[in-house]
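Residue numbers (this note's numbering): 9 to 145.
Below you'll find the structure, written out as structure tokens, and then a few comments.
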Amino acid sequence: MTLMHEGGCRCGAARYRVDISNATTLICHCRDCQQHLGAPFSVFSVVAAAQFTWLSPPAGRIAFGNKAERLFCAQCGTYLKWEGVDSTDEAEFNTMSLDDPNGLPVDVEIFVRSRLPWVKPLPGIPQHAAGRGDQAS
Ligand SMILES: [Zn+2]
Ligand SMILES: [Zn+2]
């Protein structure tokens with residue numbers, strides 16, 4: 009069963025529609041997320057690429073090395089989506105950009121090796137030192 013939601017940037021220039029019925033939601037504590045978002049961690053959700061559709065795509069793109077691009081609104085700066093060259097079958101979007109981000113509980117925390125000391129682990133949630141593929145502790 010699909011569960012359609014919409015989201016977009018702070019100013020409304022960029023909008024999308026996404027089926028979050030089987031989304032995986034992650035907290036990422038990596039330094040790149042901390043710097044790019046200017047926040048202690050990022051929260052993003054992963055769905056199959058076909059479940060995510062731009063209604064009006066954002067104009068901003070920044071290359072992240074040669075392995076991905078980060079998409080953001082060029083007018084207001086909201087970070088919206090990560091497009092990895094090795095994960096084109098997936099859509100990874102900024103959970104906080106949903107109009108209603110309350111429906112997605114966190115499933116896993118990653119890159120906890122760079123978690124700030126005053127940010128506590130969520131109880132009962134798998135903790136990965138680095139990426140999703142690494143052993144949980
Ligand atoms: Zn915007
Ligand atoms: Zn990250």
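The beta-carbon is built from N, C-alpha and C at its ideal position, and this holds for glycine as well.
> Quick one: is residue 78 buried, meaning 16 or more other Cβ sit within 10 Å of its Cβ, or exposed?
Replying inline: Here residue 78 refers to the residue found at position 70 when the sequence shown is read from its first residue. Buried.
>> What does the Cβ neighbour count give for residue 88, buried or exposed, with the cut at 16 atoms within 10 Å?
In response: Locating residue 88 in the sequence shown gives position 80, counting from the first residue. Under this definition residue 88 is a buried residue.
>> I'd like to know if the stretch 57-66 and the stretch 79-98 are in contact, where contact means that at least 3 CB-CB pairs between them fall below 8 Å.
In response: yes
> Whole beta strand (DSSP E) runs in the stretch 48-113 with 3 or more residues, listed along the chain?
Replying inline: 50-56, 60-64, 68-72, 76-80, 87-92 and 98-102
> Can you find at least 3 beta carbon pairs, one from the stretch 13-26 and one from the stretch 121-130, that sit closer than 8 Å?
Replying inline: no
>> Just to confirm my understanding: we take residue 140, look at its own chain, exclude 5 residues before and 5 after, and list those with CB closer than 8 Å. What are they?
In response: Residue 140 sits at position 132 when you count from the first residue of the sequence shown. Here the set comprises 34, 116 and 118.
> How is the beta strand (DSSP E) around residue 25 delimited, first residue to last?
Replying inline: Along the sequence shown, one-based indexing puts residue 25 at 17. From DSSP, the beta strand (DSSP E) with residue 25 extends over 23-27.
>> What does DSSP give as the partner residue(s) for residue 34 in the beta ladder?
In response: What you label residue 34 is simply residue 26 of the sequence shown in a count that begins at 1. Answer by DSSP bridge pairing, in chain order: 52 and 116.
>> Between the alpha carbons of residue 138 and residue 100, how many angstroms are there, rounded?
In response: One-based indexing of the sequence shown puts residue 138 at position 130. One-based indexing of the sequence shown puts residue 100 at position 92. Near 17 Å, if we compare the C-alpha coordinates of residue 100 and residue 138.
> Quick one: is the Cβ of residue 138 within less than 7 Å of any heavy atom of ligand 1?
Replying inline: The residue given as residue 138 occupies position 130 in the sequence shown. Incorrect: residue 138 has no Cβ contact closer than 7 Å to ligand 1.
>> Let's see if you can read the secondary structure: which residues bound the alpha helix (DSSP H) around residue 136?
In response: Residue mapping note: residue 136 aligns to position 128 of the sequence shown, counting from 1. Looking at the DSSP string, residue 136 is not in any alpha helix (DSSP H), and its letter there is neither H nor E.
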